[in-house]
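Going down the list, the protein sequences come from chains X and C. Heads up, the first sequence is in our numbering, so the first residue is 112 and it goes up one at a time. Heads up, the second sequence is in our numbering, so the first residue is 8 and it goes up one at a time. Below is one structure, written out as C-alpha cells, with a few remarks after it.
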Amino acid sequence: MRWRDAIEMARRELLRRPGRAILTMVAVALAASLLTALVAIASTGRDRVLDQITHGGALASISVEAAAPNQSQEGLDNPTPGPPLALTASALRAMRKIPGVTAVIPILQAQVIVIPPARPPAGSLLCAAARPLPHCEGSKGNSSVVPIYGDNIVGADLSHVGSLPVSLLAGNYPSVNSTTEVDVTPNYLTRVGLGDGAAHEVIGTDVELGAFKVLTRGFRVALRWSTVEIVGVVDQQAGSGDFLTYPSLVISEFRWTAAGRANGDSNAPQSRYTGALVEADQLSHVSAVRQQIATIGYSSSAPEDVIVSVEKYLHVIEFILTAIGVVALAIAALGIANALLAAVRERRREIGVMKAIGARDRDVMRTFLVEAGCLGLVGGLVGTALGIVIFFGIGDFANRYLTSQGLRGVPISIAWDIPSGAVIGATVVSVLAGVIPARRASRLGTREAVEA
Amino acid sequence: MLAHDPVRRQQATMNEAAVEVNGLSHRYVRRERVLSVLQDVNLVMESGSYVSLVGSSGSGKSTLLSLLGGLEKPQSGKVVVAGANLGSLNGDELAHFRRTVVGFVFQHFGLLEALTALENVELALMLNGIGRSVRTRRATLLLGDVGLGDRMSHRPHELSGGERQRVAIARAIANQPLLILADEPTGNLDGEAAHSVAELLSSLRRERGCTLLVVTHNPAIAALADMHFALVDGHLTPVGSTDGGELGGMSGAMA
C-alpha cells in the first residue's frame with residue numbers, strides 16, 4: 112500500500128467516526144497549545160530577565176573602563192576600577208585582535224551645556240509650531256523655564272545597538288551618523304519636569320547643546336551651540352549622560368572642548384573614548400577575553416557569573432514549564448492510543464478482510480500509524496495556532512501592566528522553532544502512541560479476524 | 008515459485024492442477040482440548056473446475072478454505088496452489104499470494120463500511136499497487152459487469168444483501184485470480200438474490216476461466232458445480248456429480 116493510499120484510507124476511517132476523531136484531536140490541540148504557550152512564555156521570560164541583567168546588551172558583552180585594572184578585584188563581575196587611564200585607539204585595536212572577540216564598540220563622551228526648551232503658556236504661537244514643546248497642551252499658567260545644566264552626550268555606533276546596553280523606550284534611534292538627532296534618557300524627562308510616561312511629549316522637540324572651550328588661561332570660554340532634535344527615549348548604560356547619538360556629533364563636540372587643553376584647560380579630556388564594549392563570541396570565553404583586556408592594561412566588567420547562575424535557574428523554570436506541556440501531550444497521546452485500540456476492536460473483521468484480500472501486516476500497521484499521525488498533525492496545527500494566540504494575549508496583558516507601572520515592555524515575538532517543534536512533537540508523539548494499536552492490528556490472525 | 012504474471016500463470020495452469028492438497032491435517036488447541044479439524048485431506052482441482060463443498064457446522068469447511076487461501080499455514084501435509092507450496096511461504100509472500108492468486112467471497116460480504124462500492128473494489132487493486140486512474144477504470148468495469156453500474160457511489164449499508172455480495176464478488180475477481188474461494192456466499196441472501204449470485208459465480212468460470220471452490224448448502228449453487236465434496240469428521244469425501252455421472256472436470260483423486 113502506498114503512503115498516499117494509506118493517508119486516504121486513514122482519512123476515510125477518521126471521517127467514519129467524526130465525533131471520536133474530533134475529541135481526540137481536541138485533546139492533542141489543547142496539549143499542543145499548552146506546550147507552545149508555556150515554552151514561548153518561558154523563553155520570553157528568560158530573554159527578559161537576561162535583558163535586564165545585561166541592560167539590553169549582548170550576553171557575552173564586556174564593558175571596558177578608561178581605567179587600569181584593580182589587581183585586588185581580579186575575577187569579580189563588577190570590580191572597582193584602578194586609576195584612570197586614557198583609552199586610546201591603539202588599545203582598542205589590540206582588543207579587536209584578542210581571540211574570541213567578535214566586536215569592539217568604542218563609547219565616546221563629550222561635555223555639553225544643555226538648554227532645554229521653555230514651556231510656554233498654552234495657546235501661544237510656539238504651541239502652534241510644527242514641533243510643539245513639552246506640556247504645551249493643557250498648561251494654562253505662565254511659561255516655565257527649565258534651568259540650564261551641564262551634562263554629557265554619549266556616542267556609540269548605534270548600528271550595533273543589539274550589542275549595546277541600550278533599550279529603546281519610545282520613538283526611534285537617531286539616523287545613521289546623524290549630527291542633528293539625539294535620543295534622551297528618562298533622566299532628561301525628569302529634568303524637564305515630565306514623568307516616565309511622557310516620552311511622546313519630548314519626541315520631536317529641539318534642545319540646544321553647547322560645547323565649551325577655554326580660550327585663555329583665566330575665565331574666557333567660548334561656547335559653540337548645536338540645535339539637535341530629540342527622536343527617541345532610551346534606557347542606556349553605555350555611558351554617563353542624558354543624550355545618546357552616533358559618534359559624529361560627539362567627536363565634533365569633543366574636539367572643540369579638547370582644544371582648550373592648548374589654552375591651559377587641564378580638565379579638558381585627553382581621549383574621546385570613555386570606555387568600550389567588547390563582545391565575545393560566547394559566554395564561556397568572556398573570562399579569557401577579560402584577562403587579555405587586563406593584560407592590555409584596562410579594567411573591565413561583565414555580569415558573567417550572574418548570568419551563568421541566573422541561566423541555571425531559568426533553565427530549571429523552562430524545564431518545568433516544558434515538562435508540563437509534555438505531560439499534557441503524553442496524556443493526549445494516551446487518548447490517541449485508547450481511541451485507536453477501540454478502533455482496532457471495532458474494525459477487527461475489516462482488518463481481517465483487508466489481510467484476506469492481500470494487505471500485508473505492514474500495510475495494516477501503516478494505516479493505523481497514518482491515522483495516529485493525522486490526529487497528531489491536525490491537532491498539533493490547531494493547538495499550536497491556539498497556543499500562539501494565547502501567548503500573544505498574555506504578552507499583551509503583561510506589557511500593559513508593565514507600562515502602567517512605568518516599566519519597559521517585553522518584546523513579544525515567538526521563535527519559529529517553538530511552533531514548528533510543537534507541531535512536529537505532537538505528530539511524533541501521536542505516531543508513537545499509535546504504535547501499540549497498529550502492531551496489535553497488524554498481528555491479528557487473518558482467519559480469526561475475518562471470522563470475528 | 009508463484010506464477011504472479013497472469014499470462015505466465017495461465018500457461019502454467021494449462022499444464023498443472025490449480026490446487027493440489029496432499030495429506031493435509033490441521034488441528035486446533037482450545038482450552039487444552041485438541042480438535043482435529045482436518046485429517047489426511049487430499050484434493051486435486053484442475054484449472055477452471057467448479058467444486059462445491061458441504062459439511063456440518065464445525066466440520067472444517069472454513070478451515071480448508073482458509074488453508075487453500077493462505078489465511079493460515081498448513082500444520083502438516085502439503086497445499087500447492089498455482090504452483091506455490093503455501094507451507095513454504097513467509098508472511099509477505101502469503102499476502103502476495105492472497106492478492107494475486109485467490110479471491111475470497113464471504114458469507115458476511117466483508118465490505119468496508121467507510122468505503123463506497125467502487126472504493127471497496129478499488130481496495131483490492133490498491134493493495135496490489137495499481138495506480139488510481141487504472142484501478143478506478145477497472146473497478147468501474149467490474150461493477151458494471153456484476154450489474155451495479157448505477158450503485159458505485161453507494162456505501163454498503165445503502166445496498167441490499169445481494170448487491171453487497173455482488174460488490175464482494177467484483178472485489179474478489181479484481182486482480183484476476185486463478186482461484187475463487189467462496190464461503191457460504193448465499194447464506195445471508197433470499198431466494199432471488201441467492202440465485203443471482205449463483206449465476207454470477209457460475210459465469211466467473213465460464214467467462215473468466217476461474218477455478219471455484221464454494222462452500223454452500225444451497226442446492227442451486229451446488230447444482231452448478233461439477234464436483235461435490237463433503238467434509239465429515241475432518242475427512243474429505245466425494246458425493247458424486249449433479250448429473251449422476253462421473254465427476255466432470257476432475258482429474259485427481261480424493262481421500
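We treat Cβ as the ideally placed atom computed from N, Cα and C, and that holds for glycine.
Item checked: Top-ranked residue by Cα proximity to Ser-565/X, from Thr-135/X, Val-303/X, Ala-309/X -> As displayed, chain X neither begins before 112 nor continues past 563, which places residue 565/X out of reach and without an answer.
Item checked: Reference Ile-447/X; option with closest CA among Glu-559/X, Ala-179/X, Thr-538/X, Gly-306/X -> Thr-538/X
Item checked: Helix, strand or coil at Val-521/X [DSSP, three-state] -> coil
Next item on the list: Scan the segment 24–57 of chain C for residues whose Cβ lies nearer than 8 Å to a Cβ of chain X and list them as they occur along the chain.
Entry: none
Note to self: Let's test the definition: count the other Cβ atoms within 10 Å of the Cβ of Val-500/X and tell me whether it reaches 16, buried, or not, exposed.
What the structure shows: exposed
Margin query: Please tell me whether, using a cut-off of 7 Å, the distance from the CB of Ala-441/X to the nearest non-hydrogen atom of the ligand MN is below it.
Written below: The ligand MN is absent from the structure shown, which contains no ligands of any kind.
Check: So, does the CB of Arg-105/C fall closer than 8 Å to a CB anywhere in chain X?
Finding: yes
Next item on the list: Using a cut-off of 9 Å between C-beta atoms, extract the partners of Leu-211/C located in chain B.
Entry: Checking the listed chains, one finds no chain B in this structure; the protein chains it contains are X and C.
Margin query: Looking at chain X, is there any beta carbon in it that lies within less than 8 Å of the beta carbon of Met-133/C?
Written below: yes
Notebook entry, point to check: Excluding sequence positions up to five away, which residues of its chain have a Cβ less than 7 Å from the Cβ of Val-489/X?
Noted result: Met-136
Note to self: Would you say Gly-469/X lies against chain C (beta-carbon separation less than 8 Å)?
What the structure shows: yes
Next item on the list: Could you spell out the range, first to last residue, of the alpha helix (DSSP H) harbouring Met-52/C?
Entry: That residue, Met-52/C, is in no alpha helix (DSSP H); its beta strand (DSSP E) goes 40–52.
Check: Which of the three DSSP states, helix, strand or coil, is assigned to Leu-60/C?
Finding: Strand.
Next item on the list: Could you say if the segment 287–298 of chain X and the segment 413–426 of chain X meet the contact criterion of at least three C-beta pairs nearer than 8 Å?
Entry: No contact exists between the segment 287–298 of chain X and the segment 413–426 of chain X.
Checklist line | C-alpha distance - Pro-522/X paired with Val-223/X, whole-angstrom precision | finding: 34 Å
Item checked: 8 Å CB neighbourhood of Met-191/X in its chain, flanking five on each side removed -> This sequence places Thr at residue 191/X; Met is not what is there. Correct list, in chain order: Asn-181, Gln-184.
Check: Count the other CB atoms within 10 Å of the CB of His-164/C; is the residue buried (16 or more) or exposed (fewer)?
Finding: exposed
Notebook entry, point to check: What residues in the segment 76–94 of chain C bring their beta carbon closer than 9 Å to a beta carbon of chain X?
Noted result: Gly-76, Gly-77, Leu-78, Glu-79
Check: Hey, is Ser-73/C's beta-carbon within less than 8 Å of any beta-carbon in chain X?
Finding: yes
Next item on the list: Return the Cβ separation of His-396/X and Gly-211/X in integer angstroms, given the expectation that the two are a contact with Cβ distance under 8 Å.
Entry: 4 Å
Checklist line | Same chain, Cβ closer than 7 Å to Leu-279/X, five either side skipped, listed in chain order | finding: Gly-343, Val-345
Item checked: Cβ contact (3+ pairs, closer than 8 Å) linking the segment 169–183 of chain C and the segment 109–120 of chain C -> Three or more Cβ pairs drawn from the segment 169–183 of chain C and the segment 109–120 of chain C lie within less than 8 Å of each other, which places the two stretches in contact.
Checklist line | Sub-8 Å separation of Ser-270/X and Val-295/X beta-carbons | finding: no
Next item on the list: Pick helix, strand or coil for Gln-348/X, following the three-state DSSP scheme.
Entry: coil
Notebook entry, point to check: Between Arg-372/X and Ala-221/X, what straight-line distance do the alpha-carbon atoms span, to the nearest angstrom?
Noted result: 14 Å
Check: Excluding five sequence neighbours on each side, which residues of the same chain lie with their C-beta closer than 7 Å to the C-beta of Leu-425/X?
Finding: These residues qualify, in order along the chain: Arg-157, Val-160.
Next item on the list: Compute the Euclidean distance between the alpha carbons of Glu-206/C and Ala-230/C, then round it to the nearest angstrom.
Entry: 11 Å
Next item on the list: Could you have a look at Ser-278/X and say whether DSSP puts it in helix, strand or coil?
Entry: strand
Checklist line | Inter-residue Cα distance where the pair is Tyr-35/C and Leu-492/X | finding: C-alpha separation (whole angstroms): 49 Å.
Check: According to the Cβ coordinates, are Leu-146/X and Gly-469/X closer than 8 Å?
Finding: Not in contact: Leu-146/X and Gly-469/X (Cβ atoms no closer than 8 Å).
Notebook entry, point to check: At which residues does the alpha helix (DSSP H) containing Tyr-424/X begin and terminate?
Noted result: Following the DSSP letters along the chain, one finds Tyr-424/X inside the alpha helix (DSSP H) bounded by residues 415–457.
Item checked: Whole-Å CB distance - Ser-59/C paired with Thr-223/C, under 8 Å assumed -> In this structure Ser-59/C is in contact with Thr-223/C, their Cβ atoms being roughly 6 Å apart against a cut-off of 8 Å.
Checklist line | Proximity below 8 Å, CB of Trp-367/X to CB of Lys-324/X | finding: yes
Next item on the list: Identify the continuous beta strand (DSSP E) that holds Met-234/C and give its terminal residues.
Entry: From DSSP, the beta strand (DSSP E) with Met-234/C extends over 234–239.
Note to self: Taking 8 Å as the threshold (beta carbon to beta carbon), is Ala-478/X in contact with chain C?
What the structure shows: The question names Ala, yet the displayed sequence has Thr at residue 478/X. No, Thr-478/X lies away from the interface with chain C (no Cβ there is under 8 Å from its Cβ).
Note to self: My parser needs the alpha helix (DSSP H) runs of 4 or more residues fully inside the segment 454–494 of chain X; what are they?
What the structure shows: 459–467
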